[in-house]
Amino acid sequence: MDLYSVPHFTDGSIKRGIKTEENESKIHKRQKIPEDTSTECAGRPPAWAQTRQDLCETLPWFKTYQGGIYSSIEKGCLGLLLDESCGDRAYIDEEIIITHVSGGYMKDDQQNLVLKKSQTLERGTNNALLRSFEAKKPFGVIIGDKNKALGRQLPHRYNVMDIFRITHMWAEKMGEYTGYMMRLQKVDLASKSWWAAKDSPDPPIIRDFQTRPASIMCTSCQHSSCIVYKDVWMCLNKNCQAFWKVNGAAPTTALEYDPVFLSHRSNFEEEYSLDSEKFVLIPPPPVITADNLNIYRLGVHARQGIVCPLCAKCVARVFWDGWKCSVKHHTGPQPRSNEPKCPFNLIIHGPPISLWDVVPAPYSSPMERSRSLDDPTSLAPYRKLKYSLGEIGTITHLVSNLAINARDNGPDDLFQRFQGLNLDLRRERLQMSPVVGMMTGHFLMNIGLPYKFVVPVQSKPFGETDPQILLAHSRLVWATGVVAAESHHEYQRPNELLLVGYKHDMDMGYHDDGEFGLGPTIATLSLGASSTMFIRMKGKYYSGLQKNGNLLKEDPVLPGCDQYDARKGLRDQFRQGIITEKQYDEERLKILDKYKAPPPIIKMETHHGHLIVMHGDSLQKYYEHRVEPQGDLRFAITARHIRENMVDPRHLYMGRYTLPPGLAYNGQ
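At position 233 of the sequence shown (counting the first as 1) the number is 318 in this note's numbering, and the numbers step up by one without a gap.
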């Protein structure tokens, strides 16, 4: 018997693939994916999400924001997402999934995924799949509504399917490269899958777990390969000279799966019931008690999503005070017409957190930095640390102390009172993000004149906000006035305030506040937990190259940039006419490195009551900053001046207010 031709044991006969011109053309056709997705599903998913972040923040077994596999070194694959194309010959039914292994694919002109390099199972997420296969470990599977292999009308953008296990993994020749496929089976065969076609029969009560696909030993490599495809058998050992060949050549017929390969089932339920570490598909709702209250208010669970117990939606922690399933997030993606309006809310109430639970003691002495000019007298009782960035501007760190913080209406009072206010802090959707619908890693609200920040934030007029916020703003008005007076610049009173709330393990990455229309002075008051603020030069000015590797047309050559002396020398030669523009560009390209990250040039440790004032028209253009809090509760109140000619005249009233006599801060 010719082992490369295809024995198929259904009726005792052996059918062989015959090479014809017709078959030669068929082999290059892609697997036909069902185009009719109007068939309704039999049920509803046990959990679903509208955005990737909602999904990843809720399900502990799927936390990858890009890519389709979530894994760990210890446990292998934990979760798999099937979205868009699953490759040639993708197959999904009520209990079986056949899909390609990810990695090395690119879209062609027809938007089909095409393998552009051979895959390996030796490392990365594909190795996690292999380890799960070999260890017989189950994992969760999610299907996105862009996946057409199922041929169903999926109810939501992301839909949790069930727990699956890999039954087979094999190599195939995909064009000129080698890729991998895998077959998955649902663990629970007793229950009808929710994604089965509506009105389809229930699964059989009695199962045949004995029938297996036949395997044949290759005469070239002595390895056995399973019969995967109908009417054709090939060696699936990628290292064999007979790999992926029929009668010595690549298969020439359009391949279909062998019926036995599709229909056979394994009894995983018995093994799963004995597993001491059962895979939990849907995390249970939180049970909040007096003992664990602060873990959900501020701690490790403060940014964790929950599965709504009423509608099964993955509800991210958008709001400061808890989870609200029914609220339409005003900057989020538009909901689908069939999404239910769920009434579920879980709001967490508790007493204010003591200041001493979130701040170190003593907390008022920052680490000295060599770039600072320490002036402890000019703004007494504050200690002033001033960092100069030459002609670009200055950064002033005003260090408070226990006496300043403890005064009436001071930082101690404000920290306690802020916790009792209905601040409406929330996480907002980012305007620019590689993943649609991504939210900030902190909670925020805007008061005063509308300001875009990095996200579109709705603003509230100063006249309608709580007096405690006005007291905080008054301290920032004083600080910006002092710094502006020192620089002999015209003072521009802050008319906008951004209030940011941080909980456990939240931070703000590198950014600048240099949007068009802002004044030169920006000040921040810190309340609660300590933080570290880093200042660095923006990457393109540090390296002299844009992200795409092109030269900056105008290189400012700032002190502290990479290759400063060489770049300054070349610029001087060019300006003096010693070298041409072409020579200038050629010489710069020889010395510049776009992959060299700019290091922080200033590191400030800010504690409760401290003020940071950044001043300079170009400071936000050339430099950026990030904040890394160290505790479980911190408020950062930042004030800016927005030029009124940049604001709709109807909104100017939002940036104006008057404090009652005696409440304006005077530096004490």
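Where a beta carbon is used, it is the ideal one built from N, C-alpha and C, also for glycine. Owing to the predicted nature of the structure, the values given are computational and were not obtained by experimental measurement.
(1) Could you tell me which residues DSSP puts in a beta bridge with Glu690?
(2) Along the chain, where does the alpha helix (DSSP H) containing Ile438 start, and where does it finish?
(3) Take Leu440 and list the residues in its own chain whose beta-carbon comes closer than 8 Å to its own, dropping the five residues that flank it on each side.
(4) Any idea what DSSP makes of Asn244, helix, strand or coil?
(5) Please list the terminal residues of the continuous beta strand (DSSP E) segment that includes His482.
(6) Alpha carbon to alpha carbon, how far is Asp597 from Gly153? Give it in angstroms, no decimals.
(7) What does Ser156 pair with, by DSSP beta-bridge criteria?
(8) Could you give the first and the last residue of the continuous alpha helix (DSSP H) run that contains Arg656?
(9) Is it buried or exposed, Lys545, if we count other Cβ atoms within 10 angstroms and call 16 or more buried?
(10) What separation, rounded to the nearest whole angstrom, lies between the Cα atoms of Pro437 and Gln504?
(11) In whole angstroms, give me the CA-to-CA distance for Ile248 and Tyr467.
(12) For the beta strand (DSSP E) containing Tyr381, name the first residue and the last one.
(13) Measuring CA to CA, which of Gly602, Tyr742, Ala175 and Gly654 is closest to Arg725?
(14) Spell out the partners DSSP gives Ala721 in its beta bridges.
(15) With a CB to CB cut of under 7 Å and the five nearest residues on each side skipped, what residues in its chain are close to Ile112?
(16) Can you pull the DSSP bridge partners for Asp399?
(17) Excluding the five sequence neighbours on either side, which residues of its own chain have a C-beta within less than 7 Å of the C-beta of Arg382, listed in chain order?
(18) Specify the secondary structure class of Met731 as computed by DSSP and reduced to three states.
(19) Could you tell me whether any Cβ in chain B is nearer than 8 Å to the Cβ of Val372?
(20) Express the C-alpha separation of Gly390 and Thr416 in angstroms, rounding to a whole number.
(21) Would you mind stating whether His241 and Thr296 have Cβ atoms separated by less than 8 Å?
(22) Keeping to the same chain, check which residues put their C-beta closer than 8 Å to that of Ile489; ignore five residues upstream and five downstream.
(23) Let me confirm a value: Leu674 is counted as buried when at least 16 other C-beta atoms fall within 10 Å, else exposed. Which label applies?
(24) Do the region 390-405 and the region 507-516 touch if we need at least three Cβ pairs shorter than 8 Å?
(25) Would you mind working out which of Gly740, Ile697, Arg728 and Ser703 sits nearest Ala721, comparing C-alpha positions?
(26) Terminal residues of the continuous alpha helix (DSSP H) containing His558?
(27) Below 8 Å on the Cβ atoms is my contact criterion, and I expect Ile177 with Ala134 to pass it. Report the Cβ-Cβ distance as a whole number of Å.
(28) Helix, strand or coil: which one does DSSP assign to Glu672?
(29) Count the other C-beta atoms from every protein chain shown that fall within 10 angstroms of the C-beta of Val385, then say buried if there are 16 or more, exposed otherwise.
(30) Would you call Met191 buried or exposed, if buried means 16 or more other Cβ atoms sit within 10 Å of its Cβ?
(31) For Ala327 versus Ser305, is the C-beta spacing smaller than 8 Å?
(32) By the DSSP assignment, the alpha helix (DSSP H) with Lys323 in it spans what residues?
(33) I need the straight-line Cα distance from Gln658 to Asp702, nearest angstrom please.
(34) Buried or exposed, going by whether 16 or more other CB atoms sit within 10 Å of the CB of Pro644?
(35) Hey, out of Glu600, Ile663, Gln196 and Ser611, whose CA is closest to Ser485's CA?
The relevant details are as follows:
(1) Bridge partners of Glu690 according to DSSP: Thr617.
(2) Per DSSP, Ile438 belongs to no alpha helix (DSSP H) and is neither H nor E.
(3) Answer for Leu440: Asp497, Phe500, Gln501, Gly613 and His693, listed in chain order.
(4) Strand at Asn244.
(5) Start and end: Thr479 to Val484.
(6) It is roughly 32 Å from the alpha-carbon of Gly153 to the alpha-carbon of Asp597.
(7) DSSP, once it has assigned bridges, lists Cys162 as partnering Ser156.
(8) In this chain, the alpha helix (DSSP H) harbouring Arg656 covers Tyr649 to Arg660.
(9) Classification for Lys545: buried.
(10) About 6 Å.
(11) C-alpha separation (whole angstroms): 60 Å.
(12) Unbroken run through Tyr381 is the alpha helix (DSSP H), Leu378 to Arg382; no beta strand (DSSP E).
(13) The shortest Cα separation from Arg725 among Gly602, Tyr742, Ala175 and Gly654 belongs to Gly602.
(14) Under DSSP, Ala721 forms a beta bridge with Val585 and Ser611.
(15) The predicted position of Ile112 is uncertain, since its pLDDT is 36 and thus under 50; a value taken from the coordinates is nonetheless stated next. Leaving aside the five residues that flank Ile112 on each side, the residues in its chain whose CB is nearer than 7 Å to its CB run, in chain order, Pro336, Thr337, Thr338 and Ala339.
(16) Inspection of the sequence shows that residue 399 is occupied by Cys rather than by Asp. Bridge partners of Cys399 according to DSSP: Val392.
(17) Around Arg382: Ile433 and Gly435.
(18) Helix at Met731.
(19) Although the question refers to chain B, the structure presented lacks it and comprises just one protein chain.
(20) With a pLDDT of 42 at Thr416, under the threshold of 50, the modelled position of that residue is not reliable, and no figure is offered here.
(21) Contact flag unset, no.
(22) Same-chain partners within the cutoff: Pro466, Tyr467, Gly495, Pro496, Gly694 and Gln753.
(23) A residue is called buried once 16 or more other Cβ atoms fall within 10 Å of its Cβ, and Leu674, having fewer, is exposed.
(24) The answer is yes - the region 507-516 touches the region 390-405, with three or more Cβ pairs under 8 Å.
(25) Comparing Cα positions, the closest option is Ile697.
(26) Note, His558: alpha helix (DSSP H), Pro552 to Ser572.
(27) With 8 Å as the limit, Ile177 and Ala134 do not qualify as a contact, their Cβ atoms being about 19 Å apart.
(28) Looking at Glu672 - three-state DSSP - the assignment turns out to be helix.
(29) Val385 comes out exposed.
(30) Exposed.
(31) Note that the C-beta distance between Ala327 and Ser305 is below 8 Å.
(32) Neither: Lys323 is in no alpha helix (DSSP H) and is coded neither H nor E.
(33) Gln658 and Asp702: Cα-Cα distance of roughly 28 Å.
(34) Pro644 comes out exposed.
(35) It is Ser611.
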